[in-house]
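What follows is a short report on a single structure.
There are 2 protein chains.
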Amino acid sequence: MTKYVYLFTEGDAGMRNLLGGKAANLAEMTRLGLPVPQGFTVSTEACTRYYADGETIAPEIQEQIIQALHATEKISGKEFGNPKNPLLLSIRSGARVSMPGMMDTVLNLGLTDETVAGLAKLTDNPRFAYDSYRRFIAMFGDVVMGVERRAFEDVLEKQKRDQNVELDNELDAEHMRAVTDGYKEVYKKATGSDFPQDPRTQLMAAIKAVFRSWENERAQYYRRMNGIPSAWGTAVTVQIMVYGNMGEDSGTGVAFTRNPADGTNELYGEYLINAQGEDVVAGVRTPQPIATLRDVLPEVYQQFAEICEILEQHYKDMQDMEFTIERGKLYMLQTRNGKRTAAAALKIAVDMVEEGMLSREEALLKLDPAQLDTLLHPTFEAKALKAATPIAKGLPASPGAATGRIYFSAGAASAAVRERGEKVVLVRGETSPEDLEGMALAEGVLTGKGGMTSHAAVVARGMGKCCVAGASELTIDEDKKQMIDPAGKMYGEGDWLSLDGSTGQVYDAQLPTSDAELTDDFAKIMEWSDEYRRMGVRTNADSPGDAARALELGAEGIGLCRTEHMFFEEDRIFAFRKMIVAETREARVKALDEIIGLQRNDFVGIFRAMEDRPVVVRLLDPPLHEFLPRTDKEIDDLAAALGMTNVKLHGIVERLHELNPMMGHRGCRLAISYPEIYEMQTRAIIEAAVIVEKEGHKVHPEIMVPLVCDYRELEILRELIVKTADEIISAADAKFTYEVGTMIEVPRAAILSNEIAPFADFYSFGTNDMTQMTYGLSRDDAGKILDDYYNARIMEADPTAHLDVNGVGALLQLAVDKAKDVKPEIGLGICGEHGGDPASIDFCEEIGLDYVSCSPYRVPIARLAAAQAALRRK
Amino acid sequence: MTKYVYLFTEGDAGMRNLLGGKAANLAEMTRLGLPVPQGFTVSTEACTRYYADGETIAPEIQEQIIQALHATEKISGKEFGNPKNPLLLSIRSGARVSMPGMMDTVLNLGLTDETVAGLAKLTDNPRFAYDSYRRFIAMFGDVVMGVERRAFEDVLEKQKRDQNVELDNELDAEHMRAVTDGYKEVYKKATGSDFPQDPRTQLMAAIKAVFRSWENERAQYYRRMNGIPSAWGTAVTVQIMVYGNMGEDSGTGVAFTRNPADGTNELYGEYLINAQGEDVVAGVRTPQPIATLRDVLPEVYQQFAEICEILEQHYKDMQDMEFTIERGKLYMLQTRNGKRTAAAALKIAVDMVEEGMLSREEALLKLDPAQLDTLLHPTFEAKALKAATPIAKGLPASPGAATGRIYFSAGAASAAVRERGEKVVLVRGETSPEDLEGMALAEGVLTGKGGMTSHAAVVARGMGKCCVAGASELTIDEDKKQMIDPAGKMYGEGDWLSLDGSTGQVYDAQLPTSDAELTDDFAKIMEWSDEYRRMGVRTNADSPGDAARALELGAEGIGLCRTEHMFFEEDRIFAFRKMIVAETREARVKALDEIIGLQRNDFVGIFRAMEDRPVVVRLLDPPLHEFLPRTDKEIDDLAAALGMTNVKLHGIVERLHELNPMMGHRGCRLAISYPEIYEMQTRAIIEAAVIVEKEGHKVHPEIMVPLVCDYRELEILRELIVKTADEIISAADAKFTYEVGTMIEVPRAAILSNEIAPFADFYSFGTNDMTQMTYGLSRDDAGKILDDYYNARIMEADPTAHLDVNGVGALLQLAVDKAKDVKPEIGLGICGEHGGDPASIDFCEEIGLDYVSCSPYRVPIARLAAAQAALRRK
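What follows is the structure, given as C-alpha cells:
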C-alpha cells in the first residue's frame, strides 16, 4: 500500500517533492535535533489522489492519518479530544516551493466546547483558552466553510465597544467566552450547522480545505506567475500547537540569518511578546527588532542565534525562520531559504564564497537570474529627488523607484494598466493575497500598515517591485478612495505619486528616474558568470543608445537590430510611406533612394557603438500596412502631402489590408515581391560598415532574412544580398567580412532546416513567431484566451514569455539537428523574447545554441542564466 | 564525358526523362521498324547545363551536336548546307511530359539563299522551295529572334493583295521569292542583322531558343497548373524534314487510335493534302476526316492503320500521332498517349480490359482521377435547353455546359473572374498559348476558327473545360470587342452566353444547368476502384442535400460536417447572433436554447440521409465575429432588433474583432471559454441520433473537436461531450455508440500527438489550417504572394491545393507515428481540401490513413485516386 502520511521523524529535506518544502524542512530540523513541535505530513501524492478521487480523501489515507495522529499523541503525551489533556493541532499547507500566503492554514484545531474547558483548567488561563477557541472557530469558519471573516470580526469589535476597550488583550476571559459564543452563532447562521464538536471531523475537514486551497484563484495565479505546475499539489502538515501568547515569557517571531534587504551578515527579524504568529505576519501590531530579544529573553536569544548558525551552515543558504517561545521554551516552526532583494542575494552569494561556505559554482547556482531585474530598474534622478520633499516615510520594503497614478484597489489598478495603459501605484491599508495581480501590474506598492515581513513587503520583494510599507503617517481610506497626508492634503484616484523603495520616502509628484547603479557584488557575479557560461549573450537593440546601454550591461554583440523600428520615428515615416505606396518599381526605388541615407546613418551609429562586436541586422519584416496611417483623416493628410487623390490612397491602403497580417505579406515575402527594398537595406548596412571600418573598427555585419519558409527564398535573397554587398566592398576596397543568415520562425523552416542551412551562415530562432504559428495562437489576440486557459488549467504559463519546450522546443531541436547534419559549423542564436527568460535560456543551452539575445536590461539576467545552464550540465 | 546527344537509333521509350517524351517515342518507333525521319536529340541534361552555364551551350555539347549532325547526314544521304543536296531539319522541344504548344519549334532549318536554290532544283519545284524558305525565316525570326510574326504576315497579305488572289497557294514561285525577300527585309529591320546564311549558326541558335522557351511565361504557367517541376528542363529534337506540301500525293495529319471525345474504337483524326503540319494544328484550313484518306491514298491509309494497331498494342494505350506523307511515302512524326475526354478515358479503359489488352489494375492506373471532374459537371437542364434556340453551332470540342458573360480577351476574362467574381465565357477567333490562364478561369471557351485538334480544343479537353470550337458562323472581332451572329444580332463584353460542349450549340442566354448523368463505364471504373482501394472515401457535407449527392457518388460516410455553415442561412443567423452577443452565461444558454432545435433538425436530416454510415460532426470552429454584421448600418439594425443600444453592440463587435482571426479565439478555444456552446451542439447531435435510431437506422456520430493544440483541451471537452451524450443516451435507452475525436490542424498538435491520442478515438487532419500555420501563410492573404512566388520559382504549386509533402506532410507523418505509438487502433482521416486531390490522396495512403474526405463531386476522383494509391504499393 502506498504510504501517504509521514511523521516528521520519518522525513528529511530531500523529500521536498513528497512532503512539501515546509514539512521536509521540519523533518530535517528534527533530524538535526532542533526543537520542533512534532507532527506528521499528508503527502502531495495524497493531494493528487484527493483530486483524482473526486475531491474526497480515500479511506486508506484517512486510516494512515489516524495512525499518525496516534503516534503524535504519544510523542506529545496529550490526547486528541481529551478534555483533560487535549492535543491541539495546526494544519498548514506546503507545496514543493514556498507559495507564501497563497493557501490556507487552520490553528488550534481540536478545540471543542469540552476541550476548551480542559485547556482553560490545564493552562490555568481561561482567557487564553477562549481566545484560542474563538480564533479557531473563525479560521475554521473562514478556511474550511467559507464563512466571511468580517462577520466574526464584527462580533469582536462589538464586544470591544460594549466593554469600552480598544485592544483585544484588554478583553478578559468572560468577554472572550462571550465572543466565542458569538462566533459560534455566526458560524451556525452562515453554514446552517453547529460548529463541529468532533475533533476528527474537524481534522479531516481542515485537511480537505488545504487540498482545496491548492486550486483557489490566487494560488493558480501565483503558480502561473512563477511557472509552478498545478500537477505538483500541496502537502498538509499537521503539527502540535505551541503558543506564543501564553504570557510575557512567550512570544513569536520571524527572522532571517542575514539581512534580506541588503545582505548584511547579521540576524535580522522581528518578534512580538505574548502573540501568535499571525499577529506578526498580518502586520497589525508593530513588532520589535530581533536584536532586542537578547535583552528580553537572553537565554532564548542565545539558543536561537546558535540554531540560526547551525541552519545556515547546514543549508548553505540564508534562512528565513519562524519560531515561537512558549513559556520560555523555544520552538522552531519553520525554516526555509529566505527570499531576499537582488542586492542582498548578490551580496550573500559573494560573502558566502568569501567566507568559504560556498564555491563560486554553488553561489551562482543559488541565484535567481530573473531577480537581477530589480537591480537594473531606474532610481529617481538625483537632482529631482533633491528638489522634492517627501510627504511621508514608510519602511523601505522593496528597493527601486516607482512613479504612477494612485489606485486604491487591485481591481482598479489592474484596469487602469490593462485598459488605459496607465502607470499605477497601488495604495492599500495592507495588501492580501487577493491583491497579487494588481501588485504585479503596478509600478509600486504603498501600504499604511505592516512591517518588513508583511505580505506587501514579502511579495513585492519577490516580484522585484518597489514597495514602501507601513507608512502609518498616511491616512488611507480604501472605501472612500482617498489618502490624506500629515499636512492634510488629500489624494484621490488618478493623482500622481512617487515611491522610493530603497528609502521609504513617498513623494506627491511624478519624479523622473535614472538608471540603476550597479554594485561591486553585481560586477563580481557577472564576472563569475562570464567565466562559467558557454553561450554568448547579445542584445536586441535598434538604436545606438540601446546598444550602448546593452554594452555597459555586458552584451557581446547585437543579436537583433530591427530595421523597421528606425522608421517609426516621426520625421522618417513620411519617406517610408512614399516607398510603400509606390506603384511601380521606379517610384519605389526613388523613394528608397531618399531613405537609404537615413538607414546608413542608423547603421553607422550602431556599428560605432558596438565597435568590434558582431551586429545582426534583420531586414524589413512587418507587413507594410503597419506603417500606414489608419484613420480617414490621417489618410487624407497623407494623400494631400503626396499629391495623390484621397480615393487613390484609400484604395492603396485598402489593398494593403490583410485579414491575418501575421501570416501575410511580410518578412522576406516583401523582398521576393520588391527585391529593391532588401537591396537598399543591404547597401545601407554595407556602406555603413565601410565608413566605420575606415574609422578603425573591425565591423562584422550579419544580415538576417526574416520569415523564411522555403530554402528558395533564402537562396534568391542571399544571392541578391551577396551581389549587392560584394560590389560595394570591392569598390571601397574594404576588408571586413559579413554573413548572411536567416531567422527560423516558421514551423516549415524548422522542419526543412536541412534544406535551408546550406544557404545560411547562421540561424537566429525567432521564437515569438514560432510560438504563435506552432500554437496557431496570435499573440495580439491571446489575452482573453490565455486567461480562460489558465482558469481551465490548460496552460500554466504564457508560452510567449516562457518557451514551450515540449512543442515549440521540439521544433527548435529539430531545426538544430537537421542544420548541423548538413552544416556543423552553422552559427545558432535566439532573438525572441525567450532569449531573456532564464528557463528558456536553459533550453537554449540544452540544444547547443551559440548565443542568446535579449533586451538590454535583460543582458545581466541572461549572463547569469547562461552560466547556470552551463554549470547544471557540468 | 557525359553524353548529351543521342541519335534516334540510340534511344528507346524508357529514356523519356533524358530525351523528353517525344524523342523517346521517336526512338521507340525507330526500334519498332516504323518509318520515322531520322535525327538526334539534345538531352534535358543539356538544358539544365545550358542554364547552369549562364544560358550558353558548352563547347563539348556543341561538339556532340556536330557529330550527331554528321551521322544524320549519312543516314539521309544529304548534306547540311550543301546547295546541291541540302539536308533540312526541324527543331522541336520535348519535355518529359507533353506540354502542347507551350514551347517553340523551328522548321526547314538549313535553308539559305544558296540551299533554297538547290532545293528548288532538286525538287523541281521553286514555289515549294521559296514557300519553305519564307516559312523558315518567319519561324526563326519569331522563335529565335523575337520578331513579331505579324510583320511577316503583312508582307504575305500585301503580296496576295498585289496579285489579287485570296489563298496562299494561288501565289506562284516568283511571288513566293518576292515574299521571301520581303521577309528578309522584315528580319533585318527588326534584328539589325541579315538573316544568317550559315546553317550551323542557325542550328545552334534554334537549339538555344528551344532551351529558352522552357522558361517562357506560358510554359511556366502550364507547369504550375500541372505540377511539373521546372528543374526537369526540355530536350531538343533535331530531325530530318519531310514535306507534306510537295503536291497532291503529299499531305500531313494528326490522328488518334480511338476517338478521344467518346472513346469509340475507331481511327479518328484529320489530314490536309499538300500541307505542312502547322496548317492542321493552327486550324486555318479545315482538314478532312481521316477515314476519307482510304479513298485518296489507299495504300498509305492501309499502312497507317497497321502502324496504329502496332503502336496501340505496343504502348497499351490510345495513341495520338502526327504523320506526314511526302510524295506518297508515309512518315511517323510523333506518337504519344493521347489526351482524351473523361468519358473517352473511361470507355477506353473498360474496352481495353474487355479486349484483354489491359488488366483491371493496369487500366485503373492509366486513368487521371482529376479528369473525372468533367463527367460530374452539370449539363443544361433539359427543359430549358428544349426551349432555347441556338444562335450558332460549332464543333463539340470539349464536353460540358457553360454559361457566363462574354469576354474577348484572356486578360479581360481573368480580371472579370478575379476582381468581380463573374462567370465568364472566353470568346476568341482562335486561342493561343497566351490565353491559357484566361481559359482556366473561364466557364467555357468559344472559338470562331479551328478544328477538334486546334489549340482551344486540345487545351480545353485537357482542362476538362467546356469548349465549342470553330463556330465559323459567328463573326468575332476581338479588337472591337464584339460578336455578330448569323441573324445579325450583336454581342458585347458582359453579355450572357451559354455553350454546350457536347453538341457544339451556342445560346444567347443564361441557361440553367442540371447534374451530370453517369455512364456505365463510369460505374464500372468506380466498382473496380472500390475493389482495389484500401482507404475509405467520405465526403464533406453540411446539409442533407449535399449528403445525398455524395452518397450517389459513392461516399461511405461524412468526414466533415461543419456545424457553423448551418447558421449562415438567413433565418437562423439572428438566433445565432443573440448567442454571440450574450454577455452572461445565462443569456448565452438562453440563446442556445433557441438554436438547439434548429441544429437537432439539421442533424436528423443528415443522419437520415446517411442511413447507417458514420458521420463526423465538427463542433463550432470559426471566430464568432465572422457571424456578426459588418457595416455600421447592419450593426444598427441588429441592435434595434435585439433591443440593445447601438453603442453597446458596437462595443461588443469591436471587442470580438481580432487582428489575426485565423489564429484567434476560435475552434475549441471558444468552448473552453463558453462550454455551453459545445454542450448544446452535443445535445443536438445526440438527440438527433436518438430520433434517427428510433426510425430504424444504425447511427454512428463521430464528434470532432477542432483546433486542439494541447491535450488538456481535448481532455476537458471530451469529458463535457461524453457526460452530455451519455446522459441523453441513457435517458432515451438508445443503443448506438459514438466517438469523440479531434482535428489535427495546428502544428503543435502534430508534434505532441502522443499526448493527444489518448483522448481521441479518431483524428481527422485539417490540412487547410495545418498548411497555413506550417507556412505561416494565411490563405486569405496568399494571392499576391503566391503569384510572386510562382514567378520567382519558389513554389511550383499552391500548397493549399496540393499537399506540401516535405513540410506539412512531415508533420502529418509525425502525428500518425506518435499517435499509433500510444494508440494503434486510432481512426485516421483527412478532411482538408487535399482530401480530393489525387497526389495528396497518394500521400494519405503512404502514411496509412483510414479514409479521405472531400466535397461530393470529388468523391469519384478520390475513389479512383485511392485505388491507384493502393495499387502503386502492391
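Protein sequence lines, in the order shown, are assigned to chains A and B. Counting in the working numbering, the first sequence runs from 80 upward without gaps. Counting in the working numbering, the second sequence runs from 80 upward without gaps. In this text, a Cβ means the ideal position worked out from N, Cα and C, and glycines have one as well.
Determine whether the beta carbon atoms of residue i and residue j lie at a separation below 8 Å.
| i | j | result |
| --- | --- | --- |
| S843 of chain B | V695 of chain B | yes |
| P702 of chain A | H744 of chain A | yes |
| F335 of chain B | M397 of chain B | yes |
| V787 of chain B | I835 of chain B | yes |
| S608 of chain B | L443 of chain B | yes |
| T270 of chain B | F290 of chain B | no |
| Q318 of chain B | F219 of chain B | no |
Take the Cβ of residue i as the centre, count every other Cβ of all protein chains shown within 10 Å, and call the residue buried at 16 or more, exposed below.
| i | result |
| --- | --- |
| Q413 of chain B | buried |
| E434 of chain B | exposed |
| P448 of chain B | buried |
| N885 of chain B | exposed |
| N243 of chain B | exposed |
| A941 of chain B | buried |
| S809 of chain A | exposed |
| P565 of chain B | exposed |
Tell me, which residues are paired with residue i by DSSP?
| i | result |
| --- | --- |
| F402 of chain B | B:G332, B:M411 |
| I782 of chain A | A:V696, A:V819 |
| A548 of chain A | A:L474 |
| G173 of chain A | A:A314 |
| C788 of chain A | Paired residues: none, contrary to the question. |
| Y570 of chain B | B:M562 |
| R507 of chain B | B:T526 |
| D579 of chain A | A:A480 |
| G615 of chain B | B:Y930 |
Which one of the options has the shortest CA to CA distance from residue i?
| i | options | result |
| --- | --- | --- |
| T618 of chain A | A:R628, A:A137, A:Y611, A:D609 | A:R628 |
| L186 of chain B | B:D192, B:A199, B:S172, B:S177 | B:S172 |
| E775 of chain A | A:R302, A:R687, A:Y611, A:D210 | Checking the sequence, you will find Gly at residue 775 of chain A rather than Glu. Out of A:R302, A:R687, A:Y611, A:D210, A:R687 has the C-alpha closest to the C-alpha of G775 of chain A. |
| N104 of chain B | B:T316, B:P377, B:V668, B:E781 | B:T316 |
| G638 of chain A | A:E781, A:F655, A:L738 | A:E781 |
| E875 of chain A | A:E294, A:M518, A:I170, A:R213 | A:E294 |
| A150 of chain B | B:Q589, B:M108, B:I136, B:V84 | B:V84 |
| Y570 of chain B | B:D579, B:V585, B:T365 | B:V585 |
Chain B contacts made by the region 880-895 of chain A, where a contact means CB separation under 8 Å: Taking 8 Å as the Cβ-Cβ cut-off against chain B, the residues of the region 880-895 of chain A that qualify are D883, N885, G886, V887, A889, L890.
For the region 903-915 of chain B, list every residue whose C-beta sits within 7 Å of some C-beta in chain A, in sequence order. Per Cβ criterion, the list is empty.
Using Cβ-Cβ distances below 8 Å, what residues of the region 719-753 of chain B are close to chain A? Within the region 719-753 of chain B, the qualifying residues are E737, L738, N739, P740, M741, M742, G743, H744, R748, I751, S752.
Residues in the region 780-809 of chain A having any Cβ partner in chain B nearer than 8 Å: Residues of the region 780-809 of chain A with a C-beta atom less than 8 Å from some C-beta of chain B are L786, C788, D789, R791, E792, I795, listed in chain order.
Please list the residues of the region 811-832 of chain A that have a C-beta atom closer than 7 Å to any C-beta atom in chain B, keeping them in chain order. Contact annotation: in the region 811-832 of chain A, residues whose CB is within less than 7 Å of a CB in chain B are V825, P826, R827, I830, L831.
What are the residues of the region 840-855 of chain A that lie near chain B, defined by any Cβ-Cβ distance shorter than 8 Å? Going along the region 840-855 of chain A in chain order, one finds D848, Q851, M852, T853, Y854, G855 with a Cβ nearer than 8 Å to chain B.
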